[in-house]
Amino acid sequence: MRPYDHPEWCARGHRCGLGEHRAHPVVMQVDGVGKVLLTRVLGTNGRERMELTGSAYLTGKGPAARRQVDRTLRGFADVLSTEATLAGAAAAR
Ligand SMILES: [Zn+2]
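Convert by adding 21 to the 1-based position in the sequence shown; the result is the number in the working numbering.
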């Protein structure tokens, strides 16, 4: 793919360049908790990925905050590995 053969989902303009293509970010807002922004990207290596960023309130302090961070990271890891497994199984069909 030439650098400016944009995929159909590319937001174009300032969002893509330097050999990468980026979609408009998708925002998931959870009222009173936080939000996550997800952006689909086609990298210079030809692989697609999703970039995640966001913020959420911690409901406690000290050890309670650390447990919340730990559970959140483990949840992300579970979702990412499950989705990768499901996508791999679907691609193998
Ligand atoms: Zn583009």
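A virtual CB, placed ideally from N, CA and C, is assigned to each residue, including glycine. As the structure is a prediction and not an experimental result, all values here were calculated from the model.
Span of the beta strand (DSSP E), counted from its first residue to its last, around R70: 69 to 77
Secondary structure of V57, DSSP reduced to three states: strand
Residue from A105, A108, A77 with nearest C-alpha to D52: A77
Cutoff 7 Å; reference G50; Cβ partners in own chain excluding five residues on either side: In the sequence as presented, Gly is not what sits at residue 50; that position holds Gln. Within the same chain, Q50 has close Cβ partners K56.
Continuous alpha helix (DSSP H) stretch holding T106: start and end: 84 to 113
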